[in-house]
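Every letter in the sequence shown is one number past the one before it in my numbering, and letter 60, counting from 1, is 268.
Even glycine gets a Cβ: it sits at the ideal position worked out from N, Cα and C.
Before any comments, here is the structure.
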Amino acid sequence: MFKNFFQKYDIFREDILIIACSGGPDSMYLLAEVMKTQARETIIVAHFNHCLRGTESNRDEIFLQDFCKKNHLIFVSTRKDISRLSQESKKGIEETARIERYSFLEQVRLQYSAKYILTAHHLDDSIETLMFNLIRGSKIHGLMGIPEQNGNILRPFGQVSKIEILKELERENIPFRLDSTNADDVYLRNHLRLNIISEFERINPEYRKNLASFMKYINELGDFIDAQVVIFLRGETFFLVEDFFLQPSFLQKEIIRYLFAQANNGTIGLSEGGIAEIIRFIGDKGNYTQKDLRKLHLEKKNSRVYFSSHI
């Protein structure tokens, strides 16, 4: 399965890879596939214990540690009290877990001078993310699913369904653990997966294929829009107010989104109201004014708007 994928990213047998592994079915299948192609000493299994399920979380860690020992794999793990960290940071459980998990994975990558981090996100995860973002009011860039590559992070299973993974686990007799909270629909993502997305199968058994095609189209559309924004900015750190208002209103909004994303490493915290506020600021008749939107700093001097990011 990985031959073409590894060729695409110039991954060779001797390259060190970090495998993000929870011990669940998806990540255990990922690990099993990597073991078929990579030298054992180049596989670093990284496990993040969220400490959210008490002894069950600890048993997952022990299971994976034993698996790695039997198969002569390097095992690295850490434990973080995500519930406590979530309260302290005033962020949600899922967001806190994601931030801490990826921070840990990057630390392990640097520690072992690894080429890439591999995660087991699959097609069903992308569909779930698409629906979650759609409900939250995301625009084009939130409807792309989970990217195949994000810097040093690769996701080889982007076009593989959960059903296919489960079939391969059974066929190859690969051991794994189950997360009991996955069946609890009190969590929004679980509710989407268990009660809403599950109905798609009844409406159209080909829904995965169709939504995969839709996400591919949205990705291409997003690339086109970003290219138009880059053409407008021309590599400068300013633009002319007159030129800005010559653009269609849609592209005006996308220019603001692009600048915000560049300054803030993403669009979290950017609302339609925030975009409208920036557009009003650009059109204001004052000759010298400044405006901040999180780390995005705008400064208007006469007919120019200069943009930069706060450190």
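- Of the residues 318, 445, 215, 380, the one whose Cα lies closest to the Cα of residue 254 is 318.
- In this structure, residue 329 lies away from residue 373, with their beta-carbon atoms at least 8 Å apart.
- Close CB contacts of residue 408 within its chain, under the 7 Å cut and outside five residues either way in sequence, are with 415 (chain order).
- Annotation: the stretch 231–287 contains the following complete segments of the beta strand (DSSP E) (minimum length 3 residues), in chain order: 251–257, 282–287.
- In this chain, the alpha helix (DSSP H) harbouring residue 417 covers 415–441.
- For a cut-off of 8 Å, the C-beta gap from residue 308 to residue 288 is around 5 Å, short enough to register as a contact.
- DSSP places residue 222 outside both helix and strand once states are collapsed to three, so it counts as coil.
- Counted as a single uninterrupted DSSP element, the beta strand (DSSP E) harbouring residue 517 occupies residues 512–517.
- Residue 404 sits exposed, since fewer than 16 C-beta atoms from the chains shown fall within 10 Å of its C-beta.
- Burial of residue 419 is indicated by the presence of at least 16 other C-beta atoms within 10 angstroms of its C-beta.
- Taking the Cα positions, residue 371 is about 51 Å away from residue 513.
- Between the alpha carbons of residue 213 and residue 362 lies a distance of about 10 Å.
- The Cβ atoms of residue 459 and residue 468 lie no closer than 8 Å to each other.
- When Cβ pairs closer than 8 Å are counted between the two stretches, the stretch 440–454 is seen not to touch the stretch 374–385, the count staying below three.
- In summary, residue 217 is exposed, with fewer than 16 beta-carbon neighbours lying within 10 Å of its beta-carbon over all protein chains present.
- By the beta-carbon neighbour count (other beta carbons within 10 angstroms, threshold 16), residue 268 is buried.
- Straight-line measurement puts the Cα of residue 257 at about 10 Å from the Cα of residue 305.
- In the DSSP assignment, residue 508 falls within the unbroken beta strand (DSSP E) covering 504–509.
- If the five residues before and after residue 340 are omitted, its C-beta is found closer than 8 Å to the C-beta atoms of 396, 397, 400, all from its own chain and listed in chain order.
- For residue 222, the closest alpha carbon among the candidates 322, 491, 475, 283 is that of 322.
- Per DSSP, residue 324 lies in no alpha helix (DSSP H); the unbroken beta strand (DSSP E) holding it starts and ends at 324–326.
- For residue 493, the secondary structure class from DSSP, reduced to helix, strand or coil, is coil.
- In this chain, residue 402 is not harboured by any beta strand (DSSP E), its DSSP state being neither H nor E.
- Residue pairing by DSSP puts residue 446 in a beta bridge opposite 514.
- By the Cβ neighbour-count rule, residue 471 is buried, with 16 or more other Cβ atoms within 10 Å of its own.
- Judged by pairs of C-beta atoms under 8 Å, the stretch 350–370 does not touch the stretch 435–445, as fewer than three such pairs exist.
- The continuous alpha helix (DSSP H) containing residue 213 extends over residues 211–216.
- DSSP, reduced to helix, strand and coil, places residue 390 within a helical segment of the structure shown.
- Under the 10 Å beta carbon count, residue 448 is surrounded by fewer than 16 other beta carbons and is classified as exposed.
- Rounded to the nearest angstrom, the gap between the Cα atoms of residue 385 and residue 476 is 33 Å.
- With respect to the 8 Å criterion, residue 325 and residue 433 are not classified as neighbours on the basis of their beta carbons.
- Beta-carbon to beta-carbon, residue 511 and residue 450 are separated by about 7 Å, close enough to satisfy the 8 Å threshold.
- Closest option to residue 489, judged by alpha-carbon separation, among 290, 464, 242: 464.
- Looking at the DSSP output, residue 398 shares a beta bridge with no other residue.
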